[in-house]
Structure formats: structure tokens, C-alpha cells
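**Q**
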Amino acid sequence: MLNWLKSDLYRLVRGRILRWTIIIVAAMTAVSMFLVWLPNMPGMEWLNAGVATSALTEADAFTGVSNLFIPLDVIVSLVVVVHLSEDIETGFMRGVLTCSRSRVAYVWARLALALLLSAALVLSSALIGCLAFLIILGHVSLPAVGQIFVWLLLAWGLVAAHALLCALVTLLSRRKVAGVVCACLVSGEMVPGICWSVLVFAASVSNTPALAGATTWLPFTSAKIIQEGPAALFCAQELLVGTVANPASHIAITVICAVALYVGIMLALVPRRDA
Amino acid sequence: MDVIETHGLTKEYGRKRAVDELDMHVRTGDIYGFVGRNGAGKSTTMKMVAGLVEPTAGEISLFGKPISRDATPSRVGSLIESPDILPNMSAFDNLMAKALAVGVAGARHQCEELLCLFGLKNAGEKRAKGLSLGMRQRLGVALALVGTPDLLLLDEPFNGLDPEATRALRNTLVELNRERGVTIVVSSHVLDQLERMATRYGVIRSGHMADEFTEEELHEACGSSVRVRTTDTSRALAVLEQSLPKARFRADPDGSVLVSGATAEDVSRILHEADAQVLELAMLERDIEDYFVDLMSDDGEGE
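As they're listed, the protein sequences go chains A and B.
Each number in the working numbering corresponds to the 1-based position in the first sequence with 941 added.
Each number in the working numbering corresponds to the 1-based position in the second sequence with 15 added.
Below, the structure written as C-alpha cells:
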């Protein structure tokens, strides 16, 4: 598995995918930070209209980073999909498997790659965000260190979970387009958003508390809370149906279950497929 | 020792049987020419031997040991269907990426050595998608050699190569076989190229091994034969069969008899002694391509 991972990192660095991804993430983060700061600029106060004053005064570097959660999620998933498609389409996987044979090691290496990439890009985004704020304002206001740490951890888990789902779709379908569609629709929260809305509607109409409770355990709910920023993880969140009393642990459980499910399916099905 | 040995190897895709109870034997040091029509099952067989496709039935032994999917790293390199090239990376980076994935010790040194061996030193930093077809094919073989395998499986390695590149690749393969002792299995439609390098052949027909033979046996089977036409074919055939018990005979529709395993002098003398009136007597050299085509064709029974 470690050999695969070494090779993956070599390919990402030498193949320029990682370099371009970091450039895109940096540009996105900088733009997001600018948009967060913009209402504070002299003459741009009109942008404050309709926004609670407290929201702006409390705006910190992580407001901009949190706003980027979904685009970041999509980018990580796309990088994983492109990398795995390259494995399959070019025959690289075939060539290595002839020598190393172990398909299980290959699957574990893909899991490790998704986790590493997610960690690297979530962390990069946060660091670039802080740096951009520092450059714009001359100082950085940050939430408590504990809040930042938990937010980074949970954001990482959720991004990795989506990347794993896209990896699973790519490896099983053997088609880049399937992985890309999954990355755009699932990591981009379009399909989960629609599913969530349908379930919320069904729960409201049928007045079923169990169904309402189930909607809070969807990864989509976790993504919505993560987007609210580090502070939102430590206070109860009122949703359309139901309340999430302890968002941090709630999201942690959702992420662990999702990752376990995807890893289980991947290990059960992918090694059995002919290369 | 057999480097590859398969017994009753079978692969089914739905109802289609791509490989049908194939028995294959490749010995240490062979350059094994694997010949068959398109769709005969060559690539599927190679994929099964490479561990990329799970057989429906049958056994495969590599270096005397049965193979399994999650076995320890194997000593096999392959180029099956197309070179496993990452287009956006240089030739050197392609080799390095594979060497790291395989876990080669001294990866950088081995990659540089392979670039030199295949004449790709100058193209080392050029992106692979910009390489010519011949260079890509050579890079594909170089990639197959990462990890210093003892067995090389090459599926149509001469595809798309010009005569010069074909000769260079062929010479490199022969050199690898002779100097490094690498056993090579080559499937190819270019019989002319196979004939120049193979020491042993396997002919696959509709997923089944039609015949396996050595280079010597091939030349013996394709050796000269005598074509004779007389006024009384059946009598001439009877006389020759009686006088030449070790020779092989084939009566053709035009009334001539093809005699293999006998000289023209012997045939002429025997017919003269039997007072048979000879209308035509000619020496024939059998074309190797014809021989393979006969073996590969579905209605051919081989020799």
C-alpha cells in the first residue's frame, strides 16, 4: 500500500495535477475572503443591508473558508476521480498489478489517497484563507483553537467521505464520466439536497418523527452545518425538521458511518473485478 | 522447468467462451510465439497469466507454483493491449511512477538504465503523449521491464512500428532473452517477426490450444516436399506408401500427390521401378505463413 501511495504522490506532483489544484483552491479562497471583507470597505456599506451587524463583526477568516466547503469538496472529489480514471484508462493499474498482484493493497492505497488529498486541500484552504485575511486586514481574527481543530477534522472527514464515494463509483463503473458526474452532483450537494428536501417534505406531510430524525443523519445535513463555520459546531442547530443538539458529535458519527460504508463496499467489490 | 503451465484454462464472458480448456507450456528461456486469429483468445489468456483476469476454470502455474490474486509480488512484466503510459508525464516519470508503485530498490538507477536500453535517453524529459508511436511502444516494453521480471508477456508489441523500429525492438527482446535470461511470451500477427525470434510456438484456435511446437519442429514441418503427378494417381500413391513407410502423403484434387519426408530422387526411382508414367515431378518449399494459417483456421486440423 505504501508503495502505491509513494507512486501516487510522485504522479500528483510531477503530473502537475496537485500544483493546479492548489492554485485553483488558493484563487477561490482569496476571492471568498475578499467577498467576506468587501462590506467592511469604505463606500461598500450598502452591502450590509439585510445582513445582521453581528454577522459582520463576527466575520473571521473561517467564515470565508467555510463558505468554500462545497467547491472544495467538489475539487477534491474531481482530483480523486481524474487520478483513478488515469489508473484505469492508461492501463497503469494493470501494469502494476501484474507485478504486485495485491488488489486489496490497491484499494487501501486509494482510501489513503482520498484521506491525504482531503487533508492537504482542507488544510491548504484554511491556511490560505488566514493568509489572505492577514494581507487584506493586516490582522487575523480567528475562532477558538479547539473550534478550528474540530471544524478542520470534521470538514476533512466529510470531504474524504465524498471523495471515497466518487472513487467507489469510478472504480466500479470504470468510467471517468461516472466519477465526474458523481463529484459534481453528490459532492456538489445537488442530489443530496434534493433527497434531503424530499425527505423533509415527506416528514412534514406525514408528521413522522422518525423520518424527521433520519434527515438529520444525512451527510447533507452535516455539510450544511460545516458551512456555518467552527462556531456552529458547538451550539444546537435548528433545522427545518428536528434539532441537532450536539452538531460536532452528530457530524462525527455521520462521517464515520459514511466512510465505513464506502470502505466496506470498496473492499468487498473492487478486488473482485477483472482489471 | 515450465515458467508458465496452464491446465484446462477457461474464461467465459456470459455465454461466450473466450478461452476454452487451454493447455499451455512455456519453458525457462523460451521466446514463445503465441499465434492466433483476432478474437482467438490470446489477450485473455495473457491477462489470466498476468493475474489481471480471473479464470472461470482451470489452473495456472507460474515458475512451478499455482497463482492467486493476492499472492506475493510476482516476477512478471506485461504489455497487454496498449502500453501502460501516463500521457502527461515524461518517459522517465512514467518509469519512476511504476518503479515506486512496484517497490523497486534503486528506482532512479533502474529507470535511467531502462531509458538507455530502449534508446529513450533523449526523450526522457519529453511528455509521453508527444512521443512517436515507436517510442511509445518501446516505452511500453521498458515499463514492462520495471522490477526486473523473469517473465515478460507482450501482446502485439510490434503493432504500428516501422521496419526499423520493429527490428530494434526485436533485437532488444532477443538480447534480453539471451543475456538476462528473461523468458518472453509474444503474441503477434507479424509471423515474419516471430519466426526471426521465437524458439517455441503455441497456436490458439477458438480459445483452444491447437498445437505447440519448437522452432526445429516448425522447420521440419515446413520442410521441402515433393509434388508428383502421374497418369494413375491411386496406383502411384499405393506404390509410394508401400516403399516409403516413414513419409507422409496428401492426394490433391488436381491428381497430384504431395510427399513429405522423402527426396525427389527416391520418389523418382520408386515410380520408375514401378513403371509409373510421371507427368510432373517438382520440389516444393512449404510457406511458414501457410502452415500457421492452416493451424489457425477453424476447419484446419493442423499437422
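Ideal Cβ placement from N, Cα and C applies to all residues, glycine included.
1. Between the Cα of A1189 (chain A) and those of A:C1198, A:V1200, A:A1177 and A:A1199, spot the shortest distance and give me the residue it belongs to.
2. Taking 8 angstroms as the cut-off, decide whether the C-beta atoms of G162 (chain B) and G44 (chain B) are in contact.
3. Under the rule that 16 or more other beta-carbon atoms within 10 Å means buried, what is N1148 (chain A), buried or exposed?
4. Tell whether a beta-carbon distance below 8 angstroms holds between G956 (chain A) and L77 (chain B).
5. Which of the residues in the stretch 86 to 108 of chain B, read from start to end, lie with their CB under 9 angstroms from any CB of chain A?
6. Measuring CB atoms only, is the stretch 119 to 139 of chain B touching the stretch 20 to 30 of chain B, in the sense that at least three cross pairs come out at less than 8 angstroms?
7. Assuming N192 (chain B) and I46 (chain B) make a contact with CB atoms under 8 angstroms, what is their CB distance in whole Å?
8. Please list the residues of the stretch 59 to 70 of chain B that have a C-beta atom closer than 8 angstroms to any C-beta atom in chain A, keeping them in chain order.
9. Between A:T1111, A:A1073 and A:R952, which lies nearest to I1206 (chain A) when the distance is taken from Cα to Cα?
10. Please tell me whether G73 (chain B) and A159 (chain B) are closer than 8 angstroms, where the distance is taken between their beta carbons.
11. Using beta carbons (cut-off 8 angstroms, strictly below), is A157 (chain B) in contact with chain A?
12. Out of curiosity, what's the CA-to-CA distance linking R1051 (chain A) and D1014 (chain A)?
13. Closest Cβ-Cβ distance between L160 (chain B) and chain A: below 8 angstroms?
14. Strictly below 7 angstroms CB to CB, what residues from chain A border L115 (chain B)?
15. Name the chain A residues whose beta carbon is nearer than 7 angstroms to that of P172 (chain B)?
16. What are the residues in the stretch 1011 to 1035 of chain A lying within 7 angstroms of chain B by C-beta distance?
17. Just mark E1130 (chain A) as buried or exposed, buried being the case when its beta carbon has 16 or more other beta carbons within 10 Å.
18. Per DSSP, what kind of secondary structure is T1162 (chain A) in: helix, strand or coil?
19. Mind checking who M39 (chain B) pairs with in its DSSP beta bridge?
20. Buried or exposed, going by whether 16 or more other CB atoms sit within 10 Å of the CB of M111 (chain B)?
21. So for V197 (chain B), helix, strand or coil by DSSP?
22. Quick check for students: name the residue ranges of the alpha helix (DSSP H) that lie wholly in the stretch 111 to 158 of chain B, counting only runs of 4 or more.
23. Pull the bridge partners of V218 (chain B) from the DSSP assignment, please.
24. Quick one: is C126 (chain B) buried, meaning 16 or more other Cβ sit within 10 Å of its Cβ, or exposed?
25. For a cutoff of 8 angstroms on Cβ pairs, would you count A956 (chain A) as touching chain B?
26. Considering only the alpha carbon of each residue, which of B:G276, B:P70, B:E96 and B:M104 lies closest to R32 (chain B)?
27. Taking 8 angstroms as the cut-off, decide whether the C-beta atoms of A967 (chain A) and I1029 (chain A) are in contact.
28. Whole-angstrom Cβ separation of V1021 (chain A) and A1104 (chain A), contact assumed at under 8 angstroms?
29. So Y148 (chain B) and L154 (chain B) are supposed to be a Cβ contact under 8 angstroms. How far apart are they, rounded?
30. Check this for me: beta carbons of S1066 (chain A) and V1006 (chain A), under 8 angstroms apart or not?
31. Is I100 (chain B) helix, strand or coil when you go by DSSP?
**A** According to the structure shown:
1. A:A1177
2. no
3. exposed
4. no
5. A86, T87, P88, S89, R90, V91, G92, S93, L94, I95, E96, S97, P98, D99, I100, L101, P102, N103, M104, S105 and D108
6. no
7. 5 angstroms
8. K62, A65, G66, L67, V68 and E69
9. A:T1111
10. no
11. no
12. 17 angstroms
13. no
14. N944, K947, S948 and Y951
15. The premise fails here: P172 (chain B) is roughly 14 angstroms from chain A at the closest Cβ pair, so nothing lies under 7 angstroms.
16. E1027, T1031, G1032, F1033 and R1035
17. buried
18. helix
19. B:T21
20. buried
21. coil
22. 122 to 132
23. B:V50 and B:D226
24. buried
25. In the sequence under discussion, the amino acid at residue 956 (chain A) is Gly, which differs from the Ala named in the question. Taking Cβ atoms only, chain B reaches closer than 8 angstroms to G956 (chain A), which makes this a yes.
26. B:P70
27. no
28. 5 angstroms
29. This sequence places Leu at residue 148 (chain B); Tyr is not what is there. Wrong, their Cβ atoms sit about 11 angstroms apart, outside the cutoff.
30. yes
31. coil
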